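Our numbering numbers the first residue of the sequence shown as 135 and each following residue consecutively.
All residues carry an ideal CB built from backbone N, CA and C; glycine is no exception.
Keep in mind it's a predicted model, so treat the numbers as computed, not measured.
Everything on this sheet refers to the single structure shown next.
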Amino acid sequence: MKWSSRAALSLSAFLFLPSAAHADEVQVAVAANFTALIQAIAPEFEKTTGHKIVAIFGSTGKFYAQIKNGAPFEVLLAADEATPVKLEKEGAAVAGTRFTYAVGKLVLWSANPTIVDVAGEVLKTGRFRHLSIANPKLAPYGAAAVETLKALGLLDAVQSRLAQAETIVQAHQFVATGNAELGFVALSQVLKEGKLAAGSAWVVPLGLYTPIRQDAVILEKGRGKAAAEALMKYLKSDKAMAVIKSYGYGL
Numbered sequence: 135m136k137w138s139s140r141a142a143l144s145l146s147a148f149l150f151l152p153s154a155a156h157a158d159e160v161q162v163a164v165a166a167n168f169t170a171l172i173q174a175i176a177p178e179f180e181k182t183t184g185h186k187i188v189a190i191f192g193s194t195g196k197f198y199a200q201i202k203n204g205a206p207f208e209v210l211l212a213a214d215e216a217t218p219v220k221l222e223k224e225g226a227a228v229a230g231t232r233f234t235y236a237v238g239k240l241v242l243w244s245a246n247p248t249i250v251d252v253a254g255e256v257l258k259t260g261r262f263r264h265l266s267i268a269n270p271k272l273a274p275y276g277a278a279a280v281e282t283l284k285a286l287g288l289l290d291a292v293q294s295r296l297a298q299a300e301t302i303v304q305a306h307q308f309v310a311t312g313n314a315e316l317g318f319v320a321l322s323q324v325l326k327e328g329k330l331a332a333g334s335a336w337v338v339p340l341g342l343y344t345p346i347r348q349d350a351v352i353l354e355k356g357r358g359k360a361a362a363e364a365l366m367k368y369l370k371s372d373k374a375m376a377v378i379k380s381y382g383y384g385l
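Structure below.
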């Protein structure tokens, strides 16, 4: 199946409209967990470079399929490192442009301030009906959640209680709306100005899951495009890295 404008309409888009005719746009496929961050970074990027960002948010796994089917993305900000590497090997991404722009952190979170303890022992007690996770086949944070449950020896015990979401954003929504008492989400989703915004949380120790290295890469449709190259350069700047760090990511 080839990429079509109809397929594009099914995605959630965040568009920065151009304010000057000469400014270039860069079409960016953005991992769902990075939604708030790209929105925070975009205005300063626009001010600094004169270029505009057109961002589409979704799961990295789905982006891979869409890119292979001709989606018009010029840059991919993935939630893993494997997908950009694969696209590079398959000739769908520009060799030598890939780098890790953030290292994600997994957190067990509840909107209820009394449910999740600081050691995550609630997972062992079973005092919950639903545990939200992102689809582990499509979302790296979902895969990390499954890894964590396996490392704790709890996957079989909680299997019937898992509420699987398509993306990490939806996994967060399940918990925020009370459809699941707790869930594994990205730390960046529950922080505000470096502190837990609401509820209760356990930051999962890094040794329980494979580090979530999130790689950026210029795709073939972005080859030689000034706006795409400018975005990659800006993500490595001190200003961008300060924002990324403030959302709880490692660098």
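My assumption, with CB atoms under 8 Å, is that residue i sits in contact with residue j. Please give the rounded CB distance.
i	j	result
residue 175	residue 374	6 Å
residue 97	residue 279	With the chain represented from 135 up to 385, any question about residue 97 goes unanswered, as that position is not in the structure.
residue 347	residue 234	5 Å
residue 250	residue 335	6 Å
residue 273	residue 384	That belief does not hold up - the Cβ atoms of residue 273 and residue 384 are roughly 19 Å apart, past 8 Å.
residue 309	residue 243	6 Å
residue 181	residue 157	Contact doesn't hold; Cβ gap of about 11 Å is too wide.
residue 359	residue 160	7 Å
residue 333	residue 253	Not really, about 16 Å apart at Cβ, beyond 8 Å.
Would you list the one or two residues that DSSP bridges to residue i?
i	result
residue 298	267
residue 342	Bridge partners of residue 342: none, in fact.
residue 329	326
residue 240	320
residue 209	162, 352
residue 234	349
residue 227	353
residue 334	244
residue 204	DSSP output for residue 204 lists no bridge partner at all.
residue 384	237
Ordered along the chain, which non-local residues of its own chain (more than five positions away) have a Cβ less than 7 Å from that of residue i?
i	result
residue 110	The structure shown does not extend to residue 110, since the chain is modelled only from 135 through 385, so no value can be given for it.
residue 166	191, 192, 193, 301, 302, 303
residue 396	Because residue 396 is not part of the residues shown, which for the chain are 135 to 385, the question remains open.
residue 382	239, 321, 322, 325
residue 380	328
residue 331	324, 325
residue 145	With a pLDDT of 39 at residue 145, under the threshold of 50, the modelled position of that residue is not reliable, and no figure is offered here.
residue 345	237
Excluding sequence positions up to five away, which residues of its chain have a Cβ less than 6 Å from the Cβ of residue i?
i	result
residue 183	364
residue 262	315, 316
residue 169	191
residue 177	none
residue 337	241
residue 378	236
residue 285	342
residue 282	338, 342, 343
residue 257	288
residue 231	351, 352
residue 297	264, 266, 308, 314
residue 295	264, 265
residue 155	Annotation note: pLDDT 37 at residue 155 (below 50); position unreliable, no value reported.
residue 198	217
residue 215	347, 349
residue 247	333, 334
Under 8 Å Cβ to Cβ from residue i, same chain only, skipping five residues before and after it: list those, please.
i	result
residue 225	354
residue 227	210, 218, 221, 351, 352, 353, 354
residue 162	172, 187, 188, 189, 190, 207, 208, 209, 210, 211, 365
May I ask whether a heavy atom of the ligand FMN can be found less than 7 Å away from the beta carbon of residue i?
i	result
residue 198	Among the components of this structure there are no ligands whatsoever, and the ligand FMN is therefore not found.
Segments assigned alpha helix (DSSP H), at least 4 residues, entirely inside the stretch 346-379 | Listed in chain order, they are 360-369.
With contact counted as at least three CB pairs below 8 Å, one residue from each stretch, are the stretch 208-228 and the stretch 311-319 in contact?
-> Contact between the stretch 208-228 and the stretch 311-319 is not established, with fewer than three Cβ pairs separated by less than 8 Å.
Any beta strand (DSSP E) of 3 or more consecutive residues that is wholly inside the stretch 154-191 | Runs of beta strand (DSSP E) with 3 or more residues, each lying fully within the stretch 154-191, are found at 159-165, listed in chain order.
Stretch-stretch touch, CB-based, cutoff 8 Å, three pairs: the stretch 250-267 with the stretch 296-311 = Contact between the stretch 250-267 and the stretch 296-311 is established, with three or more Cβ pairs separated by less than 8 Å.
Would you check if there are 3 or more beta carbon pairs closer than 8 Å linking the stretch 188-202 to the stretch 283-303?
-> Contact annotation: the stretch 188-202 touches the stretch 283-303, with at least three C-beta pairs closer than 8 Å.
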